Every structure is written in structure tokens, then in C-alpha cells.
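In the working numbering, the protein residues as written are 9 to 549.
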């Protein structure tokens, strides 16, 4: 049989099916919903094939649109830790714009497009598609306008902040170029810092804590050196010795009704191991001055602040002047291992003995650094201002079991090592929820520098009302530093249990260290750990 004969039989079959359903048959079949036209150029079988292709295309568009919608909703309404979050209304508006645009495409795909007058269903569909297209375009224009407005606003805000800063500097400060103005004074303080580095005030933590006796002896010698180097400060405002090795200076200001300021530093340093992985070119406690650079442990962290703060007060006193408000200088002795014996005791003294319950104007600590190239889109140096600080809490987990011999291991979950391993995996797989809400410190920083960023980062950081959830996901997956900036971290640091190769331990311990975000409390962290361990781990496994 020829192909033409087969086409005629097929078309005849379709016509019979149409006649059979025209009096109330199945109206859900798209082939029978619209009449197939006869044409001298195109046989009816070709038209039938076109209808099939059109149907397949329409169903494919609907399926893809459904998958896209589900993916968008899952991404926008879920947090990285897997828990449901509050929906972001602007993001849902954007999703609706995409949805209406997609529906208009689907509706347009159902038009006959074959020269025949459209049926009432097609006319109705075209009206719907027209309105959907109009709504999607309107939403798109509104969103683009808001994005452009906020991006321009951030640029203008940044420019006005720079101008305001310049005016404040010109009005209230006299900028002096000290290195060229008084080289003898620079040399004096450089030598003081160089000699201060030579004192091995190393703080040891953990198993090496007993070595701190050597540090304490070095701290006592450093105290004498500082007293000899800053005689005017010690003579007029002798420090209060707190907990034997920390120092607190109080320099009274001209107006004691103003809140005081607190300058913080610390006298101790971290160890300087000599190994092949990180070799020292020079002795870390030599304090060598070479080509205008001071080398040694503590040159940056943090004896340079000790010398500069005491040196600044020393210069003011030598000139016969006083600061406008009272200045406290706090020098801790164990900052590198937590500050529990130094900074904590100083804070207690300030509150109980100095009546600082009403607070102070501001604290100036060692802070962070001026960095270049660390923020994408900004080539100029950026000063990262630390306005909040994380706390830390260590949690001990203990699993006890019957123990046993490795020749007859337990069939069930009686091996404490196995239970502990699963518990640790559960805790690290379900981290504490991140904080990127409006008003958080990290988000404020990004919004402040949005005017300096290049496209597309300037658009993203200027419109966190829309891109906040997306940017939060990006930060959590970018690198460990970015993720740690917006959440409490969870890290297993010590795990102990088992002493022999052929013995199943009966007691296993693990220690988890949390660096606590300022928006969380210790109780929040403990509650989260109990929830993960008792609900997610024990109940669901």
C-alpha cells in the first residue's frame, strides 16, 4: 500500500472518531477539540501530526514550568539546614512574574496557527495570555525600577558619606605626618617596641598550660621595662595591677562628665614554633629593625598597640595637656588563651570598682586589618571594623556502653564509638541556623560598601530585600570564612575512647567547640544540640 493510501485511511479514521464524539463524546482529547482543516497543500495526516507535536510541546512546557516552580519554592522557603523558613515576599513576587510569563508562553502555544478562524476556547486563551503577559511585563518593569533605584541610592549614599567624613576630618582633626616630622621620636618608640618583643611572654593553652609559669616571670620583667620606658605615665597615673599581671591605667580627662573611652591591648603572644613547615627567617624574639621594619612575635599582635597607646598618652602628658575625656588603657596578660584571668578580671574591676555600670563611649581594641583584594569588586584597601565579637562554648559528649571484645562485636548499636561517630555527623550535618536578617553586622557591612562594588555585586548588595535569601545561601557555600561570619560554628576538636586494638571501649568522649554568633545565646546552642541529638539522631535513626 502506498503512503498516500495510508494517509487517506488515517484521515478517514480521524473523521469517524470526530463524528462519533461530536454528539457528546470525550471532549478532553485535544485532537477532537478543534476541527482538523482540509487543505490541498497539506494532507490531514500532516495536520494531525502537527497537532500531536503542538500537544507534546505544550505538555513539555507545563512540566518544565512545574519543576521550575517547585525548585524555586523549595529554594526560597527552605533554609540551608533543611528547616522551613519564613517566605520572602519580594522573592515570591519575582517567582510570580516568572510564572505568569511562563503561562503566557504555554497559552500562546495552544493557538491553532493554521489559517482557520480560532475557536471560542482559543479566543479565551488568547485573552488570558495577553493579560498574563501584561502582568508579567509590569512586574518585571517594577522590579527592575526598584533594583536600579536602590543601586543608585547606595552609590549616592556612599559619596555623601565620603564627603561627610572629609569635612569631619578637616574640622576636628589635624593630620600630622609623624614619620617625617620627628624622626627621633619615631626611632625612640621603635626601639621601645623592639625591646618589648624580646620578652618571651608566651601564653600556652591545653596540655602545655603549665608552661605559663615561664610567661609570668617574663611578664614581671616586662612590667619593669614599661615603667622605665614611660616614666611620665607611671608617675602621674600609676596603673592598677589586676590579678598579678594585667594592668589598668586611668588618665583623667578635662571633662569627667563625659563617658570615658577604653583602649585595649595585651602583653602576651602566641608560641613561635621553629619547624620546617613555617621556618622563621629571623629569631622571633629578636626584635630586629631592618629597612624600617620591626621583626618578631608581637610586632603586630599586639605589643605594637601597647607601645603606641602608652606612647600617645606619654606625648600628651609631656606637652602639659590632658585628653578631653577620661581614658582607660587595659593591658591583659592572657588574651591568646581566652582572657579569663586578664580581660575578664579587668571588666569585673571596671564594673565593681570604677562604677562603669553606665557604660563607656567606645572601646578600641586591636580589631582587624586594612585588606586589599579580599572583597571582590573593590581594589582599594578596606578597613574591616569589628563592632561585635563571638563568644565560645565547648560541649562534652559522653557515650557509655557495655564494652566487649573485638572478636565478638555487638550486632546492634552497642558500640559507643559507632554511636558517637553518628552523633557527631548529625551535629555537623545540622548546623545552627545562620543570621543574615536586616540589621545584622555582616549585612550592614555589605550594604555600606555596596556603592563601591562593581556590577553585579552592587545590585545584589543594594537590594537585600529581594536577594537576601539568595545571598545568604551564597555566603554559606562560598568558603568557611564567609559562612562563619553569619552563623555559630560547630567543630569537633577532641575525641577519645579505646585504648587497645582488640577491646571495644565502654566510655567514649568527644568535645565540640562552638564559636557563638552574637545573635545566639549559650542556651540556644545547647538547646539546638539536644534537639539534633535526641530528636533527629535518636528518634529518626
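From the three backbone atoms N, C-alpha and C, an ideal C-beta is built for every residue, glycine too. None of these values were measured; they are calculated from a predicted model.
Limits of the unbroken beta strand (DSSP E) element including residue i
i: residue 236; result: Careful: residue 236 lies outside any beta strand (DSSP E), inside the alpha helix (DSSP H) at 220-237.
i: residue 433; result: No beta strand (DSSP E) holds residue 433; the alpha helix (DSSP H) holding it covers 424-437.
i: residue 500; result: 497-504
i: residue 250; result: 248-250
C-beta contact flag for residue i and residue j at 8 Å
i: residue 434; j: residue 541; result: yes
i: residue 317; j: residue 345; result: no
i: residue 237; j: residue 205; result: no
i: residue 341; j: residue 273; result: no
i: residue 442; j: residue 494; result: yes
i: residue 269; j: residue 354; result: no
i: residue 263; j: residue 332; result: yes
i: residue 446; j: residue 514; result: no
i: residue 389; j: residue 402; result: no
i: residue 560; j: residue 460; result: Residue 560 lies beyond the residue range present for the chain, which begins at 9 and ends at 549; the question has no answer from this structure.
i: residue 260; j: residue 334; result: yes
i: residue 439; j: residue 505; result: no
i: residue 251; j: residue 343; result: no
i: residue 256; j: residue 248; result: yes
i: residue 525; j: residue 426; result: no
i: residue 158; j: residue 471; result: yes
i: residue 211; j: residue 229; result: no
Collapsed DSSP secondary structure at residue i in the structure displayed
i: residue 515; result: strand
i: residue 257; result: strand
i: residue 530; result: helix
i: residue 391; result: strand
i: residue 84; result: In this prediction, residue 84 has a pLDDT of 44, which is less than 50 and means its spatial position is unreliable; nothing more can be read from the coordinates.
i: residue 440; result: coil
i: residue 521; result: strand
i: residue 399; result: strand
i: residue 535; result: helix
i: residue 557; result: The structure shown has nothing for residue 557, since the chain only spans 9 to 549.
i: residue 406; result: strand
i: residue 377; result: coil
i: residue 277; result: strand
i: residue 282; result: coil
Per DSSP, cross-strand counterpart(s) of residue i
i: residue 270; result: 336, 371
i: residue 412; result: 512
Alpha helix (DSSP H) segment containing residue i, residue limits
i: residue 453; result: 449-456
i: residue 468; result: 465-470
i: residue 540; result: Run containing residue 540: none; DSSP gives neither H nor E here.
i: residue 628; result: Given that the chain is displayed from residue 9 to residue 549, the structure contains no residue 628 and the question cannot be resolved.
i: residue 193; result: 191-205
i: residue 262; result: No alpha helix (DSSP H) contains residue 262, which DSSP labels as neither H nor E.
Buried versus exposed, by CB contacts within 10 Å (16 or more), residue i
i: residue 372; result: exposed
i: residue 479; result: buried
i: residue 477; result: buried
i: residue 496; result: buried
i: residue 173; result: exposed
i: residue 531; result: exposed
i: residue 290; result: exposed
i: residue 419; result: exposed
i: residue 464; result: exposed
i: residue 376; result: exposed
i: residue 539; result: exposed
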